[in-house]
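Residue numbers (UniProt numbering): 1 to 657.
Ideal placement from N, C-alpha and C gives every residue a C-beta, glycine not left out.
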């Protein structure tokens, strides 16, 4: 009992803020001759397995920096995933590789004991679950999720999920993971911005009942058998991404989930979205996307918005009519703004000063710090929205829109939040909704109806409405942007369209890294309470954020080229990373007496801005940059894409409160 209590204490406090700020390189494990594409701790944390382009797997004693075992896996191409099989005494290791094969190895005899060749394209991830002994799953670029059974009488695999039935032949599965607290739930990342959560038990029960049904095997054109039962799948997506897809496709910018993982308590899902940012989804308190991605006829009075069902159509100060979007009627008399305690007032003033100096990220981080301590202060949300709108990184206008809605829900008379909401809708390409919102703003605040900011936005909206190019894309498909296919082979099924319409939005967004060059880049929770988020990056660094504030707290140089893998130790403040270099690097808190850590990236803001530019660069420019050429166009101008700075702003928008 005492030992268990000590272990609980150790795991609870093994990652703290002082430790994070002293995190540095402890050792480099050398033994591979190619890129190290995957890392995996055993349950106890005394073994670390790695897989590489050299087709070898190595098992390390990381605490003593020793190589315990190295074996050729039998694969004929790069290894992308390695997993210890639960309940095997760390004897059985599973690997998946670019040769489309899944191999099972017995480490005690250094032999490959089984080879599965069922996939027809690269195998990117393996997943295991303690509740399912002798069972594991694979995700591959043939669009299939396969389940394997290693029991002696039935060594086989079967298709659990076929994404091609939903998304067409071009879809690729990239990653998967099983919920550690309820092993019946499997999350899958694939091509595109949607992440899928499946109920494995429900799928198996559905298939069992199908086989037992007297009419099994008898199909008609009218009676199509669904591959998955209703309720077995739930989709998650960052609310602004579906509408951005046409623009991203035109710029050859690919969105793909490169890594998914659950929090230790199983209530949150973390996604590293290739081509974009890192997102955290709350699986308990789910919220619908805040923007208007569904067909307008779906905006009924019972629509769920921001995680709350509204019976009268009013949600967070917004009125959703069948014909679009309205603010609550009449001039509301909101409750007076609660004063901030002195220490938070100082933080707000520091944020305002940073804003005045055009230090947008610094302002956002300070506002976020205050928001965490005072989550019901409308002014903080309104001010942070203004900073997001000025910074203009990918997703900033959507986060600003969310903050505006929150500010309005807390204070319906928040003038600036109302106006910024209209501007955000316009920037997010919801032009008709932006016009309605602006008209409602003018009715609600008539003294601002002819301000310079109002006039400027009015001109922008009307120019967009009458622009042929602005409407050309919408007229082609006749459906909501989020649902349209972009080619003949990636046709979207009706079932898929329904699942996408029912998607849930993210809770937190983490910015600063870049994930465009490789499709195996990880992001992970760090700490038993998931206090921190870590992610690799194309600039050779890895980034550490506070989970609750989303603030960036540490950047470390982890590779000469790209950091792909980050696997935290299960019990200690100990992190294993790898990437393009043929080594595994181990990181832990360094002694205070140790000399200056040469791997710390001091200018975190500069690194983050450079990564935003990199994500928005032309793919050819990025390729040349990787080859060592400096592209002038890549290093000039503001970060964050093609949004233009507002040409003129009146008092309603330009300054924080």
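(request) Would you tell me roughly how many angstroms separate the C-alpha atoms of residue 279 and residue 117, rounded to the nearest one? (result) Stepping through the chain shown from its first residue, residue 279 is reached at position 279. Stepping through the chain shown from its first residue, residue 117 is reached at position 117. Their backbone Cα atoms lie some 33 Å apart in a straight line.
(request) From the DSSP output, in three-state form, read off residue 209 for me. (result) For the purposes of this step, residue 209 is identified with residue 209 of the chain shown, where counting begins at 1. Shown here, residue 209 sits in a helix according to DSSP, grouped into three states.
(message) Using the three-state DSSP reduction, which class does residue 19 fall into: helix, strand or coil?
(response) Residue numbering aside, residue 19 sits at position 19 when the chain shown is read from its first letter. Three-state DSSP puts residue 19 in a helix.
(request) Out of 67, 415, 463 and 408, state which residue places its alpha-carbon closest to the alpha-carbon of residue 435. (result) The sequence position of residue 435 within the chain shown is 435, counting from 1. For residue 435, the nearest C-alpha among the options comes from 463.
(message) Could you tell me the alpha carbon to alpha carbon distance between residue 523 and residue 261, rounded to whole angstroms?
(response) In the chain shown, the residue the question calls residue 523 occupies position 523. In the chain shown, the residue the question calls residue 261 occupies position 261. A direct Cα-to-Cα measurement between residue 523 and residue 261 gives close to 8 Å.
(message) List, from N- to C-terminal side, the alpha helix (DSSP H) runs of 4 residues or more that fit wholly inside the region 99–181.
(response) 164–167
(request) Can you give me the Cβ contacts of residue 164 inside the same chain, cut-off strictly under 7 Å, excluding the 5 residues immediately before and after it? (result) Taking the first residue of the chain shown as 1, we reach residue 164 at position 164. Taken in chain order, the residues that qualify are 143 and 171.
(request) Name the residue from 282, 75 and 87 whose alpha carbon lies nearest to the alpha carbon of residue 113. (result) Residue numbering aside, residue 113 sits at position 113 when the chain shown is read from its first letter. Checked all of 282, 75 and 87; the closest Cα to residue 113 is 75.
(request) Report the partner residues of residue 509 according to the DSSP bridge assignment. (result) By one-based count along the chain shown, residue 509 stands at place 509. According to DSSP, residue 509 bridges with 279.
(request) Determine the DSSP secondary structure at residue 536, reduced to helix, strand or coil. (result) Indexing the chain shown from 1 puts residue 536 at position 536. Here residue 536 sits in strand by DSSP.
(message) Once DSSP output is grouped into helix, strand and coil, what is the label at residue 656?
(response) As a working note, residue 656 is residue 656 in the chain shown. Correct three-state label for residue 656: coil.
(message) Once DSSP output is grouped into helix, strand and coil, what is the label at residue 514?
(response) Taking the chain shown and counting its residues from 1, the one referred to as residue 514 is at position 514. Three-state result, residue 514: coil.
(request) Alpha carbon to alpha carbon, how far is residue 569 from residue 45? Give it in angstroms, no decimals. (result) If you number the chain shown from 1, residue 45 lands on position 45. If you number the chain shown from 1, residue 569 lands on position 569. Going from the Cα of residue 45 to the Cα of residue 569 covers about 6 Å.
(message) Does residue 412 pass the burial test, meaning 16 or more other C-beta atoms within 10 Å, or should it be called exposed?
(response) As a working mapping, residue 412 is identified with position 412 in the chain shown. Buried, by the Cβ-count rule.
(message) I need the straight-line Cα distance from residue 599 to residue 586, nearest angstrom please.
(response) As a first step, residue 599 is located in the chain shown; it is residue number 599 there, counting from the start. As a first step, residue 586 is located in the chain shown; it is residue number 586 there, counting from the start. If I take the Cα positions, the gap works out to 13 Å.
(request) Within 10 angstroms of the Cβ of residue 352, are there 16 or more other Cβ atoms? Answer buried if so, exposed if not. (result) The count along the chain shown starts at 1 and reaches residue 352 at position 352. The residue is buried, with at least 16 neighbouring Cβ atoms inside 10 Å.
(request) Return the chain-ordered list of same chain residues with a C-beta closer than 6 Å to the C-beta of residue 53, the five sequence neighbours on each side being excluded. (result) Position 53 of the chain shown, counted from the first residue, corresponds to residue 53. So the qualifying residues of the chain are 34, 35 and 78.
(request) Work out the CA separation of residue 492 and residue 485 for me, nearest whole Å. (result) In the chain shown, residue 485 corresponds to position 485, counting from 1. In the chain shown, residue 492 corresponds to position 492, counting from 1. Confidence at residue 485 is low in this model, with a pLDDT of 45, below 50, so its placement is unreliable and the value that follows should be read with caution. Distance between the alpha carbons of residue 485 and residue 492 is about 6 Å.
(request) Taking 8 Å as the cut-off, decide whether the C-beta atoms of residue 140 and residue 100 are in contact. (result) Translated into the one-based positions of the chain shown, residue 140 becomes position 140. Translated into the one-based positions of the chain shown, residue 100 becomes position 100. Taking 8 Å as the Cβ cut-off, residue 140 and residue 100 qualify as a contacting pair.
(request) Going by CA-CA distance only, name the one from 521, 249 and 656 that's closest to residue 81. (result) Within the chain shown, the letter at position 81 stands for residue 81. The residue with the shortest Cα to Cα distance from residue 81 is 521.
(request) Can you say whether residue 539 is buried or exposed, counting buried as having 16 or more other CB atoms within 10 angstroms of its CB? (result) Residue 539 sits at position 539 when you count from the first residue of the chain shown. Buried is the call here.
(request) Can you check DSSP and say which residues form a bridge with residue 235? (result) On the chain shown, residue 235 is found 235 positions in, with the first residue counted as 1. DSSP, once it has assigned bridges, lists 196 as partnering residue 235.
(message) Quick check on residue 381: does DSSP put it in helix, strand or coil?
(response) For the purposes of this step, residue 381 is identified with residue 381 of the chain shown, where counting begins at 1. Reduced to three states, the DSSP call for residue 381 is helix.
(request) Determine the DSSP secondary structure at residue 67, reduced to helix, strand or coil. (result) Reading the chain shown from its first residue, position 67 is the one you call residue 67. Of the three classes helix, strand and coil, the one that applies to residue 67 here is strand, per DSSP.
(message) So, with DSSP's three-state summary, where would you put residue 30?
(response) Start at 1 with the first residue of the chain shown, and residue 30 comes out as number 30. Three-state DSSP puts residue 30 in a strand.
(message) For a test of the three-state rule: what should DSSP assign to residue 241, helix, strand or coil?
(response) Here residue 241 is taken as the residue at index 241 of the chain shown, counted from 1. If DSSP states are grouped into helix, strand and coil, residue 241 belongs with the helices.
(request) Entirely within the region 388–462 and at least 4 residues each: give me those alpha helix (DSSP H) ranges in chain order. (result) 396–410, 415–427 and 431–444
(request) Between the Cα of residue 210 and those of 228, 564 and 443, spot the shortest distance and give me the residue it belongs to. (result) Start at 1 with the first residue of the chain shown, and residue 210 comes out as number 210. Of 228, 564 and 443, the residue nearest in Cα terms is 228.
(message) If I measure Cβ to Cβ from residue 180 and keep anything under 7 Å in the same chain, skipping five residues before and after, which residues do I get?
(response) Mapped onto the chain shown, residue 180 falls at position 180. Same-chain partners within the cutoff: 262, 264 and 266.
(message) Would you call the region 231–248 in contact with the region 499–510, where contact means no fewer than 3 C-beta pairs closer than 8 Å?
(response) Counting C-beta pairs with one atom in each stretch, the region 231–248 and the region 499–510 have three or more that are closer than 8 Å, which means they touch.
(request) Give a yes or no on whether the C-beta atoms belonging to residue 382 and residue 657 are separated by under 8 Å. (result) Reading the chain shown from its first residue, position 382 is the one you call residue 382. Reading the chain shown from its first residue, position 657 is the one you call residue 657. Closer than 8 Å, so yes.
(request) Specify, as a first and last residue, the run of the beta strand (DSSP E) that residue 226 falls within. (result) Locating residue 226 in the chain shown gives position 226, where the first residue counts as 1. According to the DSSP assignment, residue 226 belongs to no beta strand (DSSP E), since it is labelled neither H nor E.
(request) Throw me the rounded Cβ distance for the residue 258 and residue 272 pair, which I believe falls under 8 Å. (result) By 1-based counting over the chain shown, the position of residue 258 is 258. By 1-based counting over the chain shown, the position of residue 272 is 272. That pair is a contact at about 5 Å.
(message) Looking at the secondary structure, which residues open and close the beta strand (DSSP E) in which residue 36 lies?
(response) Taking the chain shown and counting its residues from 1, the one referred to as residue 36 is at position 36. First-last of the beta strand (DSSP E) with residue 36: 36–41.
(message) For residue 357, count the other beta carbons within 10 Å of its own beta carbon; 16 or more makes it buried, fewer makes it exposed. Which is it?
(response) The residue you call residue 357 lines up with position 357 of the chain shown. Exposed, since its Cβ has fewer than 16 Cβ neighbours within 10 Å.
(message) Tell me the DSSP secondary structure of residue 556 in three-state form.
(response) As a working mapping, residue 556 is identified with position 556 in the chain shown. Of the three classes helix, strand and coil, the one that applies to residue 556 here is strand, per DSSP.
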